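Chemist: Take this structure, written in structure tokens, and hold onto it; I'll ask about it next.
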Amino acid sequence: MSLNCQLPWYGPIVRIEPEPVIVASTVILRPWCAQDVTALTEIYRDPVSMQYIDVPQPYDANRATEFVLRAAGSRAAGTAFHYAVTLPDADTVLGSAYLHNIATSEVASDVSFLIHPRHRGRGWATAALVALSDAALHAGFRHIYARIDPSNSASESVVARAGFSRLRVEEGEVCWSRP
Ligand SMILES: CC(C)(COP(=O)(O)OP(=O)(O)OC[C@H]1O[C@@H](n2cnc3c(N)ncnc32)[C@H](O)[C@@H]1OP(=O)(O)O)[C@@H](O)C(=O)NCCC(=O)NCCS
């Protein structure tokens, strides 16, 4: 006797994985590595950033070391893509930019970014956001969302300049989208 078992067809599972190294004209986005622990600690201790980014405090070298390993794991699992934003000449770490909250059903991802206070106001966040969202859309994401606290005017300037459009207000945050 043969069993005529019909399985539902969900279509191929497509894995979206933006390039690990993204080279733009003014910045390079690359994976975090063990040598970045000091830079990470400084970036994720900044009180202004912590108003807008949810990271456990106090942020110390142990947390940074653990994060470097976790970032590699989330890339391997396809659940988040973390990048160090660096300068091409000397590999100076300027900040952090990452894709997270990946919504497979919508083929969408959130993006977040922060720049070390010492390097702000020179266009690095905008350059990093353009480079990362271009790479994410090129890799196959259909939408990239940036969720911005309405009091965060610097961030609003960055997303508007990076080509995002204001979409809606969700849970007290303004959701911006590309495309
Ligand atoms: C938001 C942030 C990433 C901007 O980084 P940056 O490298 O200084 O950004 P850019 O130089 O590309 O652009 C900054 C823009 O904000 C403006 N800006 C800077 N500080 C500002 C402030 N306090 N109020 C209003 N606008 C401000 C700048 O004038 C510039 O806009 P303009 O070129 O139109 O004048 C940085 O301030 C930061 O790390 N903040 C804390 C973390 C954060 O808020 N992340 C976003 C959450 S997703």
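Just so it is clear: in the sequence shown, position 166 is 166 by UniProt numbering, and no numbers are missing. No residue lacks a Cβ here, since even glycine has one placed at the ideal position from N, Cα and C. All figures in this text were calculated on a predicted structure; none of them were measured in a lab.
1. Any idea what DSSP makes of Glu42, helix, strand or coil?
2. What's the call for residue 180, buried or exposed, on a 16-neighbour Cβ count within 10 Å?
3. Just verifying my parser: in three-state terms, what is the DSSP assignment at Met1?
4. Mind checking Arg15: buried by the 16 CB within 10 Å criterion, or exposed?
5. Tell me whether the beta-carbon of Ala97 lies closer than 8 Å to the beta-carbon of Tyr83.
6. Taking Arg161 as the reference, which of Arg178, Asp149 and Gln51 has the closest Cα?
7. Could you tell me the distance, in whole angstroms, from the CA atom of Asp60 to the CA atom of Arg118?
8. Expressed to the nearest angstrom, what Euclidean distance is found between the alpha-carbon atoms of Thr38 and Ile115?
9. For Arg168, which residues from the same chain have a beta carbon less than 6 Å from its beta carbon, with the 5 sequence-adjacent residues on both sides left out?
10. May I ask you to check if the CB of Tyr52 is nearer than 7 Å to at least one heavy atom of ligand 1?
11. Hey, would you say the C-beta of Phe113 is under 7 Å away from at least one heavy atom of ligand 1?
Modeler: Reading off the structure:
1. helix
2. Lying outside 1 to 179, the shown extent of the chain, residue 180 is not represented and no answer is given.
3. Only weak support is given to the placement of Met1: the predicted model assigns it a pLDDT of 47, under 50, and the question is left unresolved by the model.
4. exposed
5. yes
6. Arg178
7. 19 Å
8. 14 Å
9. Cys175
10. yes
11. yes
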